[in-house]
Amino acid sequence: MKQNLLPAFRLTLVLLVVCCLIYPALVWAGAQLAPAGGQGETIRHKGRVVGYDNVGQNFTRPEYFQGRPSAVDYNAAGSAGSNKGPSNPDYLATVQARLDTFLIQNPGVTKAQVPAELLTASGSGLDPHLSPAAAAVQVARVAKARNLEVAKVQALIARHTQHSLLGPDRVNVLRLNVTLDALQNR
Amino acid sequence: MNNELLSIGGIYLVTLVLALPLGAYLARVFRGEKNLLDFMRPVENGIYRLSGIDARREMTWQQHMVALLTINLVWFLLAMLVLCTQGSLPLNPDGNPSMSPDLAFNTAISFLVNCNLQHYSGESGLSYLSQIVVITFLQFVSAATGIAAAVVVFNALQTRTTEKLGNFYDYFVKSLTRLLLPGSLLIALILAFNGTPMTLQGKQELISLQGDSVAVSRGPVAAMVAIKELGTNGGGFYGANSAHPLENPNFLTNAVENIALVIIPIAMVFALGFYLKRRKLAYMIFGVMTVGFVALLAPTVYYEMHGNPAIAKLGVDQALGAMEGKEIRLGAAASAYWSITNTIISCGSVNSMHDSFMPISGMSQMLGMMTNAFYGGCGVGLLNFFAYLIIAVFIAGLMVGRTPELLGKKIEAREMKIAVIVTLLHPLLILAGTALTAHLYASNPTEYSGWLANPGYHGFSEMLYEFTSASANNGSGFEGLGDNTPWWNISTGVVLLLARFLPIVGPVAIAGLLARKKYVPESAGTLPADTATFGVMVLAVIVIIAALAFFPALALGPLAEHFSLY
């Protein structure tokens, strides 16, 4: 043990330099060349940063598309899922309440049209996306609140739907809402 | 939906295509043969010189273990020191406080042993200094420790009689310079180019589009996430781990991270074959592990893609599957795939919240950790498998009336004792820990009401999962558990220590003992270890140990919940 202690100590110091100084510095230097320079991509609207491309936001007003329920209220100072188990009665009551609220806010929509992802909290609490179906079901409400034609809003969703070979189709909620705002300010 | 299934099939295929040449490369590295990264030699020599290490001095298995344990002790003390004082140290732009001693104890051990159980949340629980000097550092060195220990076993299984099994520091440093550092650099850059932050700036305050003030947590994320996956560590930068859209921005990064965390465990199996020039043996081991993996994967993907029956009863559209705790950009299938790869391999990073998975999926995740040898952690997975292998050889030998031998070395009482202790320690720690905790909870449910986020069977599963995760050195959790209390911090901390070092020392000791024995050339009387028949035997041993030991506990938790839902 004794003859190992000193080498162990010295090796630790050397590796601290390698793993905690040189390695992060190399990554940092590489990240400077990345699109957002290692800061995370932001979205600007009316000359100010309104959010991060990858971080969802809370939308409660009817004229905005609403993201998924969040266990941290979309405050990205933290992140978490609800961690509710599938059979938890309180949790199921919450889901039912979210469904009732959604049906009141979106008259004319039937239960079977409501995608479950609009009623269930995301893993991070910051999910920036909706499925195309979860956006489509909100079109009538948003169009009415903004005095826009339904077809126009639908076209916007189609334009914002990201298809990719890998993974599910998705719509970035913040980008969609920013486009809507920009449209009306013109 | 089929698109999602194709995606996960593609991820697995790419993993295999990369793992095979990586295994061949690792075998060359550790045999000291010419290889691609030989230009790192001056760096390694520099490290040895500065540390006063003679990397050519061959060690016995005992000397290996003393060197391993000593340096681990140094790291533990370093981690405790930094975590307990981080509040007053530099690189703390968000002003996060120092950790309480019991939380620091749990965190230091958890990262030291490659487990990465997190009883804190990264955004508010750690300074950037701790993220780099404690977390990132331990993620590198703990993974390299596991690989080095596995290489000692490789060396010992060769067909010769010796006490000298190479140099620990040599294996350890090469694991870093030839594998973990260059690999992490590549992965970190892919992440950074896809939007993962890499900055020392603190949280950004901003006004959202709707007008709320929010903060967005940033930090040196990309560098840490790369080694988190590649080293099968699993501890996330952010609380939500790889479900966080900055830690795992899109499906491509998800695939890269998922491949990164599986690749070394699989490559190590192939490396064993190349190293010993017994490729058939490696394919047998790989086959057994893959059968186990698929057996756990299939039900999980099925149940997640079919959604929660209790939510289906509400009459809503569940086309995407069970989305509670999952992210849209990743989807149910890729989340299910990730959750199983992460539990069979002791990585434990999550891209969705395991607590909200369907009961059978949760059980599959737990079974992955309970067997802990289907691919398994960086190096240590193979060590666990090795213990099962010894037991299978022994039982099979008795069944056919032959002397139990493995690779030309006789397996005797001493090796068997060690193998049995190692394999039985795991169920003992999990079941005793859960039983004790459940007893505590039952004796005073009001006092401990903060522990469980869910009532009934699922609450029991939360406790069982936590001890399973600790003992498997996995680190994921049913995170609804209120686990930052002295009881959980200390009990799981002790479990972590025992479950890391005994399963390393045990298999290395067996291998060391075998290496000393006379080599008996294989003959018609030998039970060959590299056949499918023997593979079935090993699988049976694993299933019997896991099923018999854990079935009663699983029946109380996930199975009971399943039958209450369906």
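In order, the protein sequences belong to chains A and B. To get this note's numbering, take the position in the first sequence, counting from 1, and add 212. To get this note's numbering, take the position in the second sequence, counting from 1, and add 48. Where is the CB? At the ideal position from N, CA and C, for every residue including glycine.
Identity of the residue in the options nearest residue i by Cα
i: Gly58/B; options: Tyr385/B, Leu320/B, Trp536/B, Val470/B; result: Tyr385/B
i: Val179/A; options: Arg353/A, Asp339/A, Ala237/A; result: Given a span of 213 to 398 for chain A in the structure shown, any question on residue 179/A remains unanswerable.
i: Asn295/A; options: Thr322/A, Gly335/A, Asp265/A; result: Gly335/A
i: Phe271/A; options: Asn389/A, Ala292/A, Ala394/A, Leu395/A; result: Asn389/A
i: Ala382/B; options: Leu294/B, Ser290/B, Cys426/B, Leu177/B; result: Ser290/B
i: Val267/A; options: Asp285/A, Val239/A, Leu378/A; result: Asp285/A
i: Thr155/B; options: Gly80/B, Phe124/B, Tyr176/B; result: Phe124/B
i: Ala115/B; options: Val383/A, Pro298/A, Thr224/A; result: Thr224/A
i: Ala435/B; options: Arg564/B, Ile119/B, Asn420/B; result: Asn420/B
i: Leu477/B; options: Ala440/B, Ser261/B, Thr516/B, Asn502/B; result: Thr516/B
i: Gly355/B; options: Asn359/A, Arg353/A, Leu360/A, Glu329/A; result: Glu329/A
i: Leu227/A; options: Leu550/B, Glu453/B, Arg97/B, Asp260/B; result: Arg97/B
i: Cys163/B; options: Leu544/B, Lys566/B, Ala608/B; result: Leu544/B
i: Val261/A; options: Val262/B, Leu329/B, Leu248/B, Phe220/B; result: Val262/B
i: Leu68/B; options: Leu320/B, Glu171/B, Thr108/B; result: Leu320/B
i: Met147/B; options: Thr533/B, Ala563/B, Ala608/B, Ile95/B; result: Thr533/B
i: Tyr506/B; options: Val568/B, Glu463/B, Ala490/B, Pro407/B; result: It should be pointed out that residue 506/B corresponds to His in this sequence rather than to Tyr. Among Val568/B, Glu463/B, Ala490/B, Pro407/B, the Cα nearest to that of His506/B belongs to Pro407/B.
i: Leu227/B; options: Ala196/B, Gln249/B, Leu160/B, Tyr350/B; result: Ala196/B
i: Tyr615/B; options: Ser175/B, Gln179/B, Leu151/B; result: Missing from the structure shown is residue 615/B; chain B here goes from 49 to 614 and no further.
Environment of residue i [buried if 16+ CB atoms lie within 10 Å]
i: Ala367/A; result: exposed
i: Val448/B; result: exposed
i: Phe87/B; result: exposed
i: Phe185/B; result: buried
i: Asp403/B; result: buried
i: Ile235/B; result: buried
i: Thr332/A; result: buried
i: Thr322/A; result: exposed
i: Tyr423/B; result: buried
i: Asn93/B; result: exposed
i: Gly340/B; result: buried
According to DSSP, residues forming a beta bridge with residue i
i: Leu331/A; result: According to DSSP, which records beta bridges pairwise, Leu331/A is partnered with nothing at all.
i: Gly263/A; result: Ile255/A
i: Glu106/B; result: Answer is none; Glu106/B lacks a bridge partner.
i: Val262/B; result: Leu254/B
i: Asp393/A; result: Answer is none; Asp393/A lacks a bridge partner.
i: His399/A; result: The shown model of chain A, from 213 to 398, leaves out residue 399/A, and the question about it has no answer.
i: Leu454/B; result: Lys457/B
i: Thr373/A; result: Val383/A
i: Asp365/B; result: Pro327/A
CB contact below 8 Å: residue i versus chain A
i: Thr247/B; result: yes
i: Asp365/B; result: yes
i: Val556/B; result: no
i: Phe508/B; result: no
i: Ala197/B; result: no
i: Glu495/B; result: no
i: Pro503/B; result: yes
i: Met353/B; result: no
i: Gln258/B; result: yes
i: Asp218/B; result: no
Min CB distance residue i to chain B below 8 Å
i: Thr391/A; result: no
i: Thr306/A; result: no
i: His372/A; result: no
i: Phe277/A; result: no
i: Arg387/A; result: no
i: Lys364/A; result: no
i: Asn300/A; result: yes
i: Gln251/A; result: yes
i: Val354/A; result: no
i: Ser294/A; result: yes
i: Gly335/A; result: yes
Task: Given 8 Å, three or more beta-carbon pairs between the segment 124-139 of chain B and the segment 357-370 of chain B - done: Output reads no: the segment 357-370 of chain B does not touch the segment 124-139 of chain B.
Open item on the list: If contact is defined by three or more beta carbon pairs under 8 Å, each pair taking one atom from either stretch, is the segment 292-305 of chain B in contact with the segment 232-250 of chain B?
Closed with: In short, these stretches touch, since the Cβ pair count reaches three.
Open item on the list: Counting beta carbon pairs with one atom in the segment 414-434 of chain B and one in the segment 314-321 of chain B, are three or more of them shorter than 8 Å?
Closed with: The count of Cβ pairs closer than 8 Å, one atom from the segment 314-321 of chain B and one from the segment 414-434 of chain B, reaches three, so the stretches are in contact.
Open item on the list: Within 8 Å, do at least three Cβ pairs link the segment 502-520 of chain B to the segment 593-607 of chain B?
Closed with: The segment 593-607 of chain B, when compared against the segment 502-520 of chain B, does touch it at the 8 Å Cβ threshold.
Open item on the list: Any contact between the segment 569-587 of chain B and the segment 323-338 of chain B? By contact I mean 3 or more CB pairs, one from each, below 8 Å.
Closed with: Result yes; three or more Cβ-Cβ pairs closer than 8 Å.
- [ ] Specify whether the segment 370-379 of chain A and the segment 232-241 of chain A touch according to this definition: at least 3 beta carbon pairs, one from each stretch, less than 8 Å apart.
- [x] As far as the Cβ criterion goes, the segment 370-379 of chain A does not touch the segment 232-241 of chain A, which means the pair count is below three.
Open item on the list: Using 8 Å as the cut-off, can you tell me whether the segment 135-150 of chain B makes contact with the segment 191-205 of chain B, which would need three or more C-beta pairs spanning the two stretches below that distance?
Closed with: For the pair of segments examined, the segment 135-150 of chain B was found not to touch the segment 191-205 of chain B: the number of CB pairs separated by less than 8 Å stays below three.
Open item on the list: For the segment 339-354 of chain A against the segment 273-287 of chain A, do three or more pairs of beta-carbon atoms, one drawn from each stretch, fall closer than 8 Å, so that the two count as touching?
Closed with: Yes, since at least three Cβ pairs between the segment 339-354 of chain A and the segment 273-287 of chain A fall closer than 8 Å, the two stretches touch.
TODO: Please determine if the segment 437-452 of chain B and the segment 207-226 of chain B are in contact, where contact requires at least 3 C-beta pairs separated by less than 8 Å.
DONE: Not touching, per the Cβ criterion.
Open item on the list: For the structure I just gave you, are there three or more beta carbon pairs, one from the segment 173-187 of chain B and one from the segment 266-273 of chain B, closer than 8 Å?
Closed with: Contact holds: three or more Cβ-Cβ distances are below 8 Å.
- [ ] Report yes or no: do the segment 537-557 of chain B and the segment 477-486 of chain B share at least 3 C-beta pairs separated by less than 8 Å?
- [x] Here the segment 537-557 of chain B lies against the segment 477-486 of chain B, with 3 or more beta-carbon pairs under 8 Å apart.
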